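Accompanying notes for the structure given below.
There are 2 protein chains.
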Amino acid sequence: MFRDQGLKITPQRVSVFRVLHDNADHPTAEAVFDQIRDEMPSISLRTVYQTLHDLASMGEIRQLDLGTGSARFDPNVKSHHHLVCDKCGRVTDVHASFDGVRLPRTKLAGYRVSSTEIVFRGECPDCAGSNAVAS
Amino acid sequence: MFRDQGLKITPQRVSVFRVLHDNADHPTAEAVFDQIRDEMPSISLRTVYQTLHDLASMGEIRQLDLGTGSARFDPNVKSHHHLVCDKCGRVTDVHASFDGVRLPRTKLAGYRVSSTEIVFRGECPDCAGSNAVAS
DNA sequence: TTTCTATCTAACAACAGTTGTAAATTAGGG
DNA sequence: CCCTAATTTACAACTGTTGTTAGATAGAAA
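Heads up: the protein sequence lines correspond to chains Z and L, in order.
When you line the first sequence up against this note's numbering, it's residues 1 to 135, in that order.
When you line the second sequence up against this note's numbering, it's residues 1001 to 1135, in that order.
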């Protein structure tokens, strides 16, 4: 798969790819870095970023910018949406299609739309729970 | 309005508020800063950030994190959505309501959802146009 | 298998956006 | 007109991310 794009298959690239697909999570670059470091202490954060970008431009993963402080990377490329916790930044997939969400030409303001993302913001179970305890 | 919250009315605060409401834009903090500097060269970027946060927590404006590199601030607090240009980061309001976009409890994953944002990504008229010329 | 080279990685510095801190300034009540 | 708490400024620091370059390495070629 790397090879298809004329990219060499290095242990670093393999690790990044594997870590992303193991966690059905949406890890940040730093989280990927930390996980790989357990088995490959020499890997650099720079390489993780690089590889994540490579994978993204290959269309193998998707970069999510959801205002949680840092970018998250999603191995699920199929169209889907997200629940985002305002407290802890957790991101959870929403597998549901909302076909009604399409803009009539009159509202496009001249844009050429290539993707539609729906973000449900609120509190994740953990944060909502700890909230209740605290108050 | 500042006074309602026990905040003093300073020229800096008034300027930030006015600039935001003049531009129906979604300016970044830096953009607000630059505009105010024309008439008040002594204002500091720190104060702009501070005031934007104050306004946001008063519910007078909304902070948008759309992955365009920096936060944008939206004086329109009523529920609406956005068109975002992947090329230049321009943000345009979409005044349309999508009532169908509501998650059934089975898909909530335990989250308590407080807001739903729809982001239409693509190319704005300017960028789409310059594209055509370039290719 | 060994050589060779273009690609890749690591180290490090730098950068952008944003926030912390503390001293100097000022709004606005008394 | 004072006085003081609130505010602003200046500046440093911090986080997430990217640029650069020298050294290391995958993998094609011999």
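Here a beta-carbon is modelled for each residue, glycine too, at the ideal position from N, C-alpha and C.
From a predicted model like this one, the values you see are computed outputs, not experimental measurements.
Asked                                                                                                                                                                 : Found
If we define contact as Cβ-Cβ less than 8 Å, is Arg121(Z) a contact residue for chain L?                                                                              : yes
Between the stretch 116-129 of chain Z and the stretch 1109-1124 of chain L, can you find at least three pairs of beta-carbon atoms closer than 8 Å?                  : yes
Do Phe98(Z) and Val1101(L) have their C-beta atoms closer together than 8 Å?                                                                                          : yes
Please report the straight-line C-alpha distance between Arg13(Z) and Val48(Z), rounded to a whole angstrom.                                                          : 8 Å
Classify Cys1127(L) as helix, strand or coil using the three-state DSSP reduction.                                                                                    : helix
Identify which residue in Lys8(Z), Asn23(Z), Ile9(Z), Thr10(Z) has its Cα closest to the Cα of Asn76(Z).                                                              : Asn23(Z)
Does Phe2(Z) have its Cβ less than 8 Å from a Cβ in chain L?                                                                                                          : no
Count the other CB atoms, across all protein chains shown, that sit within 10 Å of the CB of Cys88(Z); report buried if there are 16 or more and exposed otherwise.   : exposed
Under 7 Å between beta-carbons, which chain L residues line up against Gly67(Z)? List them in chain order, please.                                                    : Asp1065
For Phe2(Z), does the three-state DSSP call read helix, strand or coil?                                                                                               : coil
Locate the alpha helix (DSSP H) running through Phe1017(L), then write down its first and last residues.                                                              : 1011-1022
Just checking Gly1110(L) against the ligand MG - is the residue's beta carbon closer than 7 Å to any of the ligand's heavy atoms?                                     : Only the bare structure without any ligand can be found here, which leaves the ligand MG out of the picture.
For Ser1115(L), which three-state DSSP category applies?                                                                                                              : strand
On the CB-based measure, 16 or more other CB atoms within 10 Å of its CB, does His95(Z) come out buried or exposed?                                                   : exposed
For Val1014(L), return the contacting residues in chain Z, with the cut-off set at a CB-CB distance below 8 Å.                                                        : What Val1014(L) touches in chain Z: nothing, since even the nearest Cβ is about 28 Å away.
Could you list which residues in chain L have their beta carbon closer than 8 Å to that of Ile43(Z), in chain order?                                                  : In chain order: nothing, as chain L lies at least about 26 Å away.
Name, please, each residue of chain L whose Cβ falls closer than 8 Å to the Cβ of Thr47(Z).                                                                           : Those do not exist, as Thr47(Z) stays about 23 Å from chain L at its closest Cβ, beyond 8 Å.
Looking only at its chain, what residues have a beta carbon closer than 8 Å to the beta carbon of Ile118(Z), apart from the 5 residues adjacent to it on each side?   : His81, His82, Val94, Phe98, Val101
Taking the alpha carbon of Arg1072(L) as the point to measure from, which residue in Asp1004(L), Leu1020(L), Thr1116(L), Ser1044(L) has its own alpha carbon closest? : Leu1020(L)
Go to Arg1072(L), then tell me how far its beta strand (DSSP E) extends in each direction, as first and last residue.                                                 : 1072-1074
Tell me the rounded alpha-carbon separation between Thr1010(L) and His1026(L).                                                                                        : 23 Å
Going by other Cβ atoms of all chains shown within 10 Å of its Cβ, with 16 needed for buried, is Glu1030(L) buried or exposed?                                        : exposed
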